[in-house]
Every structure is written in structure tokens, then in C-alpha cells.
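Participant: Chains Y and Z, in that order, are what the protein sequence lines are. Numbered by my numbering, the letters in the first sequence go through residues 1 to 343 in order. Numbered by my numbering, the letters in the second sequence go through residues 1001 to 1343 in order. Note that the Cβ used here is the ideal one computed from N, Cα and C, for glycine as well. Treat the numbers as computed from the prediction; the structure is a model and nothing was measured.
Number of protein chains: 2
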Amino acid sequence: MSATIREVAREAGVSVATVSRVFNDKGPIREETRQRILAVALRLGYAPNAAARSLSTRKTGTIGVLLPDLYGEFFSEVIRGLDLAARRSGFHILVSSSHSDRSEVEAVLRALRGRVDGLIVMSPEADARALEANLPGTLPIVLLNCPVEGSAFDSINLDNYGGASATVRHLAALGHRRIAHVKGAPGNNDALERLVGYREAMQSLFEEGTEELEIGGDFSEDSGDRAGREILAMNPRPTAVFAANDATAIGLLHAFQKAGVRVPDDIAVAGFDDIPIARFLTPPLTTVQVAIADLGALAIQRLLLAMEHGDSRERQHEILPTTLVVRGSCGATAGRFHPRRRV
Amino acid sequence: MSATIREVAREAGVSVATVSRVFNDKGPIREETRQRILAVALRLGYAPNAAARSLSTRKTGTIGVLLPDLYGEFFSEVIRGLDLAARRSGFHILVSSSHSDRSEVEAVLRALRGRVDGLIVMSPEADARALEANLPGTLPIVLLNCPVEGSAFDSINLDNYGGASATVRHLAALGHRRIAHVKGAPGNNDALERLVGYREAMQSLFEEGTEELEIGGDFSEDSGDRAGREILAMNPRPTAVFAANDATAIGLLHAFQKAGVRVPDDIAVAGFDDIPIARFLTPPLTTVQVAIADLGALAIQRLLLAMEHGDSRERQHEILPTTLVVRGSCGATAGRFHPRRRV
DNA sequence: GCGCGGAATGTAAACGGTTACATCGCCGTG
DNA sequence: CACGGCGATGTAACCGTTTACATTCCGCGC
Chain Y
1 MSATIREVAR EAGVSVATVS RVFNDKGPIR EETRQRILAV ALRLGYAPNA AARSLSTRKT
61 GTIGVLLPDL YGEFFSEVIR GLDLAARRSG FHILVSSSHS DRSEVEAVLR ALRGRVDGLI
121 VMSPEADARA LEANLPGTLP IVLLNCPVEG SAFDSINLDN YGGASATVRH LAALGHRRIA
181 HVKGAPGNND ALERLVGYRE AMQSLFEEGT EELEIGGDFS EDSGDRAGRE ILAMNPRPTA
241 VFAANDATAI GLLHAFQKAG VRVPDDIAVA GFDDIPIARF LTPPLTTVQV AIADLGALAI
301 QRLLLAMEHG DSRERQHEIL PTTLVVRGSC GATAGRFHPR RRV
Chain Z
1001 MSATIREVAR EAGVSVATVS RVFNDKGPIR EETRQRILAV ALRLGYAPNA AARSLSTRKT
1061 GTIGVLLPDL YGEFFSEVIR GLDLAARRSG FHILVSSSHS DRSEVEAVLR ALRGRVDGLI
1121 VMSPEADARA LEANLPGTLP IVLLNCPVEG SAFDSINLDN YGGASATVRH LAALGHRRIA
1181 HVKGAPGNND ALERLVGYRE AMQSLFEEGT EELEIGGDFS EDSGDRAGRE ILAMNPRPTA
1241 VFAANDATAI GLLHAFQKAG VRVPDDIAVA GFDDIPIARF LTPPLTTVQV AIADLGALAI
1301 QRLLLAMEHG DSRERQHEIL PTTLVVRGSC GATAGRFHPR RRV
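#1: Grab me the residues of E104 of chain Y's own chain with a C-beta within less than 7 Å of its C-beta, minus the 5 sequence neighbours each way, in chain order.
#2: Please tell me whether R1115 of chain Z has its Cβ less than 8 Å away from any Cβ of chain Y.
#3: In whole angstroms, give me the CA-to-CA distance for N188 of chain Y and R21 of chain Y.
#4: List in chain order: all unbroken beta strand (DSSP E) runs of 3+ residues lying wholly within the stretch 226-270 of chain Y.
#5: What first and last residue would you give for the alpha helix (DSSP H) that runs through L1055 of chain Z?
#6: May I ask you to report which of helix, strand or coil DSSP gives G1064 of chain Z?
#7: Can you list, in chain order, the residues of its chain with a C-beta nearer than 7 Å to that of R342 of chain Y? Leave out the 5 residues immediately preceding and following it.
#8: Which same chain residues end up closer than 7 Å to E1011 of chain Z when comparing Cβ atoms and leaving out the 5 residues on each side of it in sequence?
#9: Out of Z:Q1203, Z:F1206, Z:I1277, state which residue places its alpha-carbon closest to the alpha-carbon of S220 of chain Y.
#10: Within a Cβ cutoff of 6 Å, which residues of the same chain sit near A227 of chain Y, ignoring the five residues on either side of it in sequence?
#11: Residues of the stretch 235-250 of chain Y with a CB closer than 9 Å to any CB of chain Z: list them in chain order, please.
#12: Helix, strand or coil for D1218 of chain Z per DSSP?
#13: With which residues is D1273 of chain Z paired in a DSSP beta bridge?
#14: Could you pull the start and end residues of the beta strand (DSSP E) that E1318 of chain Z belongs to?
#15: On the DSSP bridge assignment, give the partners of T1323 of chain Z in chain order.
#16: Distance cutoff 8 Å, beta carbons only. Does F272 of chain Y sit that close to anything in chain Z?
#17: Got a sec? Which residues, its chain only, sit under 8 Å from S1223 of chain Z by beta carbon, not counting five neighbours each side?
#18: Using a Cβ cut-off of 7 Å, which residues of the stretch 1253-1281 of chain Z contact any Cβ in chain Y, in chain order?
#19: By the DSSP assignment, the alpha helix (DSSP H) with G163 of chain Y in it spans what residues?
#20: Closer than 8 Å, CB to CB, is S1096 of chain Z near chain Y or not?
#21: With 8 Å as the limit, tell me which residues of the stretch 1065-1085 of chain Z have their beta carbon closer than that to any beta carbon of chain Y; keep them in chain order.
#22: In angstroms with no decimal places, state the Cα-to-Cα distance between G61 of chain Y and S89 of chain Y.
#23: Taking three-plus beta-carbon pairs below 8 Å as touching, is the stretch 1293-1301 of chain Z in contact with the stretch 1075-1090 of chain Z?
#24: I need the straight-line Cα distance from A366 of chain Y to L1094 of chain Z, nearest angstrom please.
#25: Excluding five sequence neighbours on each side, which residues of the same chain lie with their C-beta closer than 7 Å to the C-beta of R1036 of chain Z?
#26: Can a CB atom of chain Z be found closer than 8 Å to the CB of D190 of chain Y?
#27: Just the chain Z side, please: which residues come within less than 7 Å of S54 of chain Y by C-beta, in chain order?
#28: Between L1119 of chain Z and L1139 of chain Z, how many whole angstroms is the CB-CB distance? I'm expecting something under 8 Å.
#29: Closer than 8 Å is the cut-off here; do at least three beta carbon pairs connect the stretch 1262-1273 of chain Z with the stretch 1326-1333 of chain Z?
#30: Would you kindly work out how many angstroms separate the C-alpha atoms of S1054 of chain Z and R1006 of chain Z, rounded to a whole number?
#31: So if I threshold CB-CB distances at 9 Å, which residues from the stretch 1021-1034 of chain Z count as touching chain Y?
#32: If we call anything under 8 Å between Cβ atoms a contact, is A180 of chain Y one with I141 of chain Y?
#33: If you follow the alpha helix (DSSP H) that S20 of chain Y is part of, which residue opens it and which one closes it?
#34: What residue range is occupied by the uninterrupted beta strand (DSSP E) comprising L144 of chain Y?
#35: Please list, in chain order, the chain Z residues whose beta carbon lies closer than 9 Å to that of D225 of chain Y.
#36: Let me check one thing: in DSSP terms, what residues is H176 of chain Y bridge-paired to?
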């Protein structure tokens, strides 16, 4: 086993308190004493035991991250952003992915007790009230991309509505009128908000319902591929498709290309997320950009704030702006459009 | 704060030992007592404190995962696989990403002391000996995709060599002779092994050096794009390109398409990794498949074994087979080829 | 010469569990 | 009836830190 603080203290001829102070930069220590202790610690290979420290200080230096079932490049980027931001503040992150049902979330939350100082929950599938019931009231929490409606937690959400709306308007401005939408996973909040953005934009532009233009999907490339085939079979055929995310759009491109239907000449395509490969697709994908790395950093920052101020602070609900990035797949020349920001 | 075991014990009229036993399913407990305790615990919202438990049992129920700087869909899938496998065995995972330099790794390792029961290190950039120096000798460790040469740890690696070799041979079988290679990040072990596989296959096929056919890269789409432009300027122009990974291949496709060079008619392209979108590209990407999810599961399994058996067990070095998946980008009809497995 | 204040360090009580060992009934057996 | 044994539970030490509260030492002002 590795050395304990007591062994170091004995070996250095001081008390444990002094050793502890040296390792925490607390209280005045004679320089000579400090050096001696550090030397002994090095020789013995001593490193403070995190569990003991947590028990004593009631701080773990760890932030829990709950991820949904869904995955892909988007989440990978988010995790990375979170980890980077957390480490910059001296925290580790404990990841727990693939949470879909409620009882599972509850189990994980229990298991996390005493393991984390705060929680970042990313669960677009669950609604806020279900969470409130499960979450220990005392733990600071930031909801990332969850349905929030009047929730008692801090939250950060994407402007899904604005992004979707901007995309539809852009396609309409290019002359498209039969603009189809491939929906995201059922029950997913992002998917829902994007759908609503699409519907309302369509409604206000053309004063017509969009039911027959909405195709089911689940955010996967496969579902995009299936939707693509479905769209090609429609009559009259849509001239543009707005996909709920980039993975779906990739599936669409694949289906169209395979059928010999040219993008954007025969049909325009737009996605959502702007994952790194989007600009390298053929044709480069028009999509809605989300500042993913910022998302993570912002979430950590909010959480740290919440951890400092306890329950006193007012809950903040922030909506992160999204930006339409116009590339080749929609048939317009390159450029950037800024969707209106929903408050 | 939340309730402690003592409060539960007092409220239920039993000793802490009994409560502990109920929560750990240890020792005989009268059914009636158990129910009473559970009821009280529920009422008080009691959940055992993980830090205290770790301190006492010297187990944390957590596995540390060290990731490199590099990211992308590949790593995201690995994390997911790891988390899934870990949770199935009742463990959490503590992720720490973006470790490039040595001192940073050392710092993280110290910080992890007492926080994890074992470690999965994924650091294709660092060599095994550097790790050995830093790693606490007592902690069970599995090296994932690291340079291993005679290392004292368990390890799991991909058959990069075999995959690269198979790809080159496949391209050669299609009649290609000037097969270029876009290299991965310098200093990266996977990149090196793939390069060697490429070189040796080329050498044994054509008995010629490949220096002028090797182009620098770093695993990113951008580097593929740059390499693509470089390749188009070469004279004589290569008729096929083997990219060090799929992201690079995507960059290549983009560069070629932009220049009006058709794939695979004018030039063939192959990648490595078989990330989920590979089959949805235009054209679908011929690439080397790695069982990513299995990788994670296997790593966890090995680590659990190492954790059980302490130092007694013999170190295992495993090489995971890779499979060439032939799709449209290389100009062959679909099908599967199995590269020889290097022992 | 003495008291005082601050710097440097020590003492010991938490922190919240686990668990070896002790205790206490109670039942069956010789 | 004494006793061994077992099932159910209690007692208290221990895990490795942190930290409030001493304690010691020393120089300085009066």
C-alpha cells in the first residue's frame, strides 16, 4: 500500500497537522520544515488519499455528468468541452452515459451521493419534474439541453427554435416551398423544439399545415437514409429537406446520392449541429451551428457558481444562440445568416 | 445535509452495524428488522456516503480512464463502450481527457490516488516506459492502444499492421501500384503501426521504397483536405490513397470532389476505423473495421481480472483483429476481406 | 524582567462508514 | 439440566484526512 500522512509525519519528525498544512498550503510553515516534509513525501511516494480527504472536507473535487442514451460526435464534443473546463478549475468528471428510463437515473443518482460536488444532467428525454423528484435537493445541478419549464434548477438550452426557424426561412428565401422535415427522436426535447420551429416558420410563411411533410426519424444516419427513400417516393416530391440533426442529414445525402438524385440541384438539404465533418461532406452541409465547446464551458461555470452560493442564488435559465451556416447542400452561395434569438 | 447511518440506526432503534448489514446484504437479518430499517432510511432520504465507504473498504467502485488529446467519433465510441461495460459490473468511470505531455499525466495520476480502483490508459502518444515511471505500481492498469514493448502492464492493441497491410494488398489487387499514404499524427503509435504496415506491404509487393508516396497528416479532416490537394499536384499522380484514419479520408474525399476528381474512377480512397458515418459517405468509404464497443468491454473485463488477482496474474498482451470492409470508395464491388492476423 | 502577541507546530475530535469480535437468546441434545 | 451452537444484533476500533483549539517558543516593548 502507499504511505499515509502519519508515516510521513513520523518520518519527518512532525505532526500530521503540519504535513497536512504543507500539502494544502495552509497556515504558516517554516520553509525548512516544508522542504523536509516534501522530501520525505517524495521518498515515500506519498499522495493524499482522496477518499479520506473528501470525507473530512465534504468536497470531492468531482463533477458528475449524466448523459443520455443517444451518442455520436455531438456528445463526444460536449464531454470534451466539459472535461477541459472542469480540469481548468481543478475538477474531475465522472461520466455516466446511457440513461433513458427513470428508475435507472434514480439508481445512478443514489450511487453518486458523496461522490460528486455537483451534477450536469443532459437528458433531453426526461422532463424536469421527473428529475426534481429524483434529485437530492441539496446537490447543485445544471440542466443541459433538458426540457426546463419552470424547473427549480439552473439550465442551459440551445436555441433550437430559432435555428430551425432560420433554416426554414433561408430555404424559403431560396424559393423552396415544399420543405420537408425529418424529425428527431420521439420524446426528445431538442427534436420537439426543432419541430416546432419548423412548423411555425412554415405556417407563418405559407399559412399551410405541414403534416404530410413531416417524416419520422431518430437522429441516426440510418433513419436519415430511410427518410430519404421515403421522401423520394412522395408525390409531389419536396424540393428541400430540413433534417433534425447532421447525422440524419448525412443519411439523407446518402439516400439521395444512391438514387441518383442530385443535391442541391434536385433537392436541397440542411441539418442541425454543425458537427466537425459537416463541412467536409459532399456537398458541404448547410446546417445550424452550436458552440459546443462553449456549451460545456458555460455549464461548468454555472455549476461552480451554484456550488459556491448554495441555494441562495437565483436560478438562471439561459438560451444559447445558434447560427445558420450556409454551405453547398442548400444551393445558395456561401455566407452566414443569423437567426433571430428567441427570449 | 443528508442523513447518516447513525441517524437511521437511532431512528430504527438498532445499531449502525445492523443498518450497514442491511445496506450491504451481509450477515443474517430478521426480515422484520430489515423492513423497518429500509422504511426509516427511505423516510430520512438516507443514502450511504461513498467517500466514507471507500475510506473504510479501500474500494471506490470507480475506474479511471485517461484519454489522449485527440478526439472524434472514435474515442466517443470507446468511452461509451467502456461506460456500458463498467456499469454492467457496478463501476463508474472517471474520465480525464486531453493528456499529451508527461508532467500532466503525472499530475492526474497523483490526483487519482484513492479515487479509482483501476485505470485504463489510452495514450498512443506516450511510450510505455514513461508510463511505468509515473504509474503507482500498486494500481491495476490496462493499456489501451498504447505502445507496449515489453511493458509490465496488461495491454490491448489493435491490429493496425494487419489492417494496413490488408488494405494495401486489396488496392494492389485492384490494379493500383502508385498507392499513396496519408500518415497519422507524428509520435502516435497507431499512426506508426499503420505506416509500417503500409510500407512493408508496398515493399513486399513492388520491391520499391515509398518515401515519395507518404504525405504528412494528423488524423484530422483538415489534414486530409490538405493532403488531398498535395496529392493532386503530384506527378505522376497516385491512383489510390490509403488514409491513416477515416477523418483523414473524409478530408481527402472533400479535396478530390472539390477539384472535380472523381472517386473511385480517377482515384481510389481507403480509410481506417470504420466510424459510423463511413458507410454513409459519398462514395461509401472502404475502411478497416475495428470492433470499438468490444474494445471497451474487453478492456474493462481485463481490468476487473487484474483487480481481483492483484500482482499475481501474468500480464496479458492482446491484439484485436481488424477487418477490411470494402465499399465504394476503392472501386471494387462490395464484400469483405480478412487481413492476416499478426501475432 | 515580564507580559504579550504572533508565528510555528502539536493534539485530538470529527467525517460516515465497515467489520472483527463480543453478546445475548433460544433451541436441541446428551 | 447444562451446554454447544447458531442466528440476530451490539460495541468499538479503524480507514486517512482536516481543523478547531491548544501549546510552545521567541522577540519586543515597557
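Facilitator: In brief:
#1: none
#2: yes
#3: Rounded to whole angstroms, N188 of chain Y to R21 of chain Y spans 50 Å at the Cα level.
#4: Whole beta strand (DSSP E) segments, 3+ residues: 240-243, 268-270.
#5: 1050-1057
#6: G1064 of chain Z: strand per DSSP, three-state reduction.
#7: For R342 of chain Y, the predicted structure reports a pLDDT of 36, less than 50, and the residue's modelled location is therefore unreliable. A value from the coordinates is still provided. D159, Y161, G162, I319, listed in sequence order.
#8: Within the same chain, E1011 of chain Z has close Cβ partners V1040, L1044.
#9: Looking at the Cα atoms, Z:I1277 is the closest of the given residues.
#10: V182, I215, G217
#11: A247, I250
#12: coil
#13: Z:Q1289
#14: Run containing E1318 of chain Z: 1317-1320, per the beta strand (DSSP E) assignment.
#15: Z:Q1289
#16: The beta carbon of F272 of chain Y does not come within 8 Å of any beta carbon belonging to chain Z, so the residue lies off that interface.
#17: V1182, G1216, G1217, T1248, G1251
#18: L1253, H1254, Q1257, P1276, I1277, F1280
#19: 160-173
#20: Closer than 8 Å: yes.
#21: Y1071, G1072, E1073, F1075, S1076, E1077, I1079, R1080, D1083, L1084
#22: Spanning the alpha carbons of G61 of chain Y and S89 of chain Y requires a straight line of approximately 9 Å.
#23: Enough Cβ pairs lie closer than 8 Å, so yes.
#24: The structure shown has nothing for residue 366 of chain Y, since chain Y only spans 1 to 343.
#25: These residues qualify, in order along the chain: A1012.
#26: no
#27: A1051
#28: 6 Å
#29: yes
#30: Rounded to whole angstroms, S1054 of chain Z to R1006 of chain Z spans 18 Å at the Cα level.
#31: Result list empty, no residue passes.
#32: no
#33: 16-24
#34: Its beta strand (DSSP E) spans residues 141-144.
#35: F1280
#36: DSSP, once it has assigned bridges, lists no residue as partnering H176 of chain Y.
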